[in-house]
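Following this note's numbering, the numbering of the sequence shown begins with 85 at its first residue and continues without gaps.
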Amino acid sequence: MNNHFSTNLRNLRTEHKLSQKNLAQILEIDHQTISRLERDYNEPNLDILIKLADYFGCSVDYLLGREQEDGMIVIDNSSNALSDVEQHIIEVFRLLTNRNKIKVVGYVDGIYAGQSQGA
Numbered sequence: 085m086n087n088h089f090s091t092n093l094r095n096l097r098t099e100h101k102l103s104q105k106n107l108a109q110i111l112e113i114d115h116q117t118i119s120r121l122e123r124d125y126n127e128p129n130l131d132i133l134i135k136l137a138d139y140f141g142c143s144v145d146y147l148l149g150r151e152q153e154d155g156m157i158v159i160d161n162s163s164n165a166l167s168d169v170e171q172h173i174i175e176v177f178r179l180l181t182n183r184n185k186i187k188v189v190g191y192v193d194g195i196y197a198g199q200s201q202g203a
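Here you go:
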């Protein structure tokens, strides 16, 4: 495999100030897997690619070095731009464990359902 993936993975992990062990815990995989991926000893399977892309908010293509965009949110002046609060929520959400992410999604869905019913 080319080293774009290993370089991109290492860069994303360090940008998020995560150790290999922390990232492995978040993704619920063995920490040696992260080490081997970053040293280009192993190729990632599809499940790991998807977990990494979801966690870092980028595309699988970016991870594999197939696009130049980093997948990060770009703030512009259009009506689709995220507010500061929305940006903060996304940044904090990315730091949560998978278990806590599921809890947050359930909580938000519950609030929205109550709002939709006029509560």
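Virtual Cβ for every residue (Gly too), placed ideally from N, Cα, C. No experiment lies behind these values; they were computed from the predicted model shown.
Query	Result
Contact under 7 Å by Cβ, leucine 102 with leucine 121	no
Buried versus exposed, by CB contacts within 10 Å (16 or more), arginine 150	exposed
Whether isoleucine 118 touches glutamine 104 by CB criterion (7 Å)	yes
Cβ-based burial, serine 90 [other Cβ within 10 Å; buried from 16]	buried
C-alpha gap between glutamine 109 and valine 144, whole angstroms	20 Å
Euclidean distance between Cα positions of cysteine 142 and arginine 97	12 Å
Per-residue DSSP class, three states only, for valine 158	In this prediction, valine 158 has a pLDDT of 40, which is less than 50 and means its spatial position is unreliable; what the coordinates show is noted afterwards. Three-state result, valine 158: coil.
Whole-number beta carbon distance between leucine 148 and leucine 136, since they are thought to touch under 8 Å	The Cβ separation is near 10 Å, so there is no contact.
CB contact flag (aspartate 131, asparagine 87, <7 Å)	no
First through last residue of the alpha helix (DSSP H) which encompasses aspartate 131	130-140
Runs of alpha helix (DSSP H) wholly within the stretch 85-115 (minimum 4 residues, chain order)	88-99, 104-111
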